[in-house]
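Here the structure is laid out as structure tokens; the discussion comes afterwards.
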Amino acid sequence: MRCNINGLHQSIDYGYYHGYTLFDKKGTEPDYPFGFGLSYTDFSISEPRITKNENSIKVTVEVTNTGDCAGDEVIQVYIGSNNTETDRPVKLLKGFRRISVDAEKTAVAEITVDFDDIKFYNPESGEWMLDKDYTVYTGTSSRNAAYAGIIAF
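Residue numbers (my numbering): 739 to 891.
Put into structure tokens, the structure is as follows:
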């Protein structure tokens, strides 16, 4: 990317790893992780249910507003390849859902991720391919996304 700062052209190379993927790779704890948000209330998230359909993965969680006022939360689904032969990010954001929940109530969030969205490009074959299996993570930011399960193909 090229940018103009004070009349000077500078080039920036972000590299393959940048942002939260670089933090994951190096084990760096950011002050404000990717996906971080503030709210006037608190939420808890149930254990996710993962189902694999013909062309997609569906992740379902219950979101409970444990606070005194209504609020919104963003549930995020990250997916990481378990292919150890190729250098890949630990996890990549593949889906999210913003959900509004009244105080002391529970709502259901469903996030669908198409198989095409988790494929990796194989330069040897020139094709986009699915790996044998993937780890699914859910949370409300890149740092608190917890292990949710493994899907296999």
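Every residue, glycine too, gets a C-beta built ideally from N, C-alpha and C.
As the crow flies, the alpha-carbon of T766 is around 26 Å from that of R835. Straight across, the Cα-Cα distance linking G818 with L830 is about 6 Å.
DSSP, reduced to helix, strand and coil, places K790 within a strand of the structure shown. With respect to the C-alpha of T876, the residue from D825, S794, S784 having the closest C-alpha is S784.
Under DSSP, no beta-bridge partner is assigned to N882. At the C-beta level, T878 and I813 come within 8 Å of one another.
In this structure, P786 and R881 do not form a Cβ contact; the two beta carbons are roughly 17 Å apart against a cut-off of 8 Å.
For Y758, there is no enclosing beta strand (DSSP E); the enclosing alpha helix (DSSP H) has its first and last residue at 758–764.
Membership of G818 in the beta strand (DSSP E) is indicated by the continuous run 809–819. Ranked by Cα distance from T822, the first of D871, D806, V801 is D871.
Proximity of the segment 788–808 to the segment 849–856 meets the contact definition, three or more beta-carbon pairs being nearer than 8 Å. G753 and T779 do not touch by the CB rule: their CB atoms are close to 38 Å apart, not below 8 Å. In this structure, K764 sits away from V828, with a CB-CB distance that is not shorter than 8 Å. In the DSSP assignment, G833 falls within the unbroken beta strand (DSSP E) covering 830–839.
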